[in-house]
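Residues in the sequence shown are numbered from -19 upward in steps of one, following my numbering.
Even for Gly, the Cβ is constructed at its ideal location relative to N, Cα and C.
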Amino acid sequence: MTRYPHFTFPNLFLLNGYREIETHDGLVLEYEEEDDLEQFIRHLVVRKSERLKGWDLRFLRRGLGLSQADLGVQVDRDAQTIARWEKSNEAIPSAVDLTIRIRFAARFEPQMSTKEIVAYVDGKGSKLATSIYLRLTIDGWRIEPEPKVKFARGNADSDVLVHVNPIPRFGYRLIEHFTRENSGNFVIEPMHGGKLLVAQTELNKSIADVVMKESTRANMGMLRLNTKGSANENASATIH
């Protein structure tokens, strides 16, 4: 599993549908069926139970193959007004929000009712999960339930290389499992594709990705994850 960085949602995760490639600049990800993935995310944007922002408007407009002038005609505004809305981080006018969602649904999801779409625009529709997990199937991209998590106890063999950023990120090769020390609400979750995720369960917020790297046991030490205090400020990884 890996995080899929996207401007429309802060916590999108792919359970499959990607490849990790080693380059001279480090590890990069290559996504499968990326155009279909982007279009699937547009279906999620239509289901945001809040007013859309300018970047959401641009994203849906492009998914419909419309120019700013085309959309302007549909909402009785000029292209410059559309461009100004799309550049803003403020909520777009509700009438424009409703129009773009209805037009997208009419083309790609005709089964959606106007009543359902109005509820999303008004913030009264069903809420999407804080973290959204996507899987590529033979029928295309689909939402998956949140993976179950399990606590792990013990030690982990790992590469000596440890990266700690303001939001902790660690690169190492896991052989066994973590030491769980004063972890409070934090859990260790096995992930697909050679990764682990450290998550804060109460807020359902990811605080670290742990990337398993290829290495030999001769180049390993003991790694302990200490999650005392605030995860974003004090979580640390130390070599023993």
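For residue j and residue i, believed in contact at Cβ under 8 Å, the rounded distance
{"i": "ARG41", "j": "ILE80", "result": "7 Å"}
{"i": "GLY43", "j": "ARG22", "result": "4 Å"}
{"i": "TYR(-16)", "j": "LEU(-8)", "result": "4 Å"}
{"i": "LEU24", "j": "ILE112", "result": "7 Å"}
Unbroken alpha helix (DSSP H) run spanning residue i, endpoints
{"i": "TYR100", "result": "94 to 101"}
{"i": "PHE37", "result": "Note that residue 37 is Leu in the sequence shown, not Phe. Start and end: 34 to 43."}
Beta-carbon contacts of residue i that lie in its chain and below 6 Å, excluding the five residues immediately before and after
{"i": "TRP35", "result": "PHE(-13)"}
{"i": "GLU66", "result": "GLY34, LEU37, ARG38"}
{"i": "ALA224", "result": "Outside the shown range of the chain, which is -19 to 220, sits residue 224, and nothing can be said about it."}
{"i": "VAL55", "result": "VAL76, THR79"}
Residue i classed as buried or exposed, judged by whether at least 16 other C-beta atoms fall within 10 angstroms
{"i": "GLN48", "result": "buried"}
{"i": "ASP77", "result": "buried"}
{"i": "LEU7", "result": "exposed"}
{"i": "ILE123", "result": "exposed"}
{"i": "VAL53", "result": "exposed"}
{"i": "ALA85", "result": "buried"}
{"i": "THR94", "result": "exposed"}
{"i": "THR(-18)", "result": "buried"}
{"i": "ARG197", "result": "The predicted model places ARG197 with a pLDDT of 31, which falls under 50 and marks its position as unreliable, so this point remains unresolved."}
Own chain, CB closer than 8 Å to residue i, minus 5 neighbours either side, in chain order
{"i": "PHE33", "result": "Note on identity: in this sequence residue 33 is Lys, with Phe being the wrong assignment. Within the same chain, LYS33 has close Cβ partners SER68, ASN69, GLU70, ALA71, ILE72."}
{"i": "GLY120", "result": "GLU13, ASP16, PHE20"}
Terminal residues of the beta strand (DSSP E) in which residue i lies
{"i": "LEU116", "result": "112 to 117"}
{"i": "GLY105", "result": "No beta strand (DSSP E) holds GLY105; DSSP gives it neither H nor E."}
{"i": "ILE123", "result": "120 to 124"}
Residue i at chain C interface by Cβ criterion, 8 Å
{"i": "ILE82", "result": "Annotation note: the requested chain C is absent from the structure, which comprises a single protein chain."}
Close Cβ partners of residue i (< 7 Å) along its chain, the five nearest in sequence each way excluded
{"i": "SER106", "result": "SER29"}
{"i": "GLU10", "result": "TYR(-2), ARG(-1), ILE1"}
{"i": "GLU126", "result": "ALA109, SER111, TYR113"}
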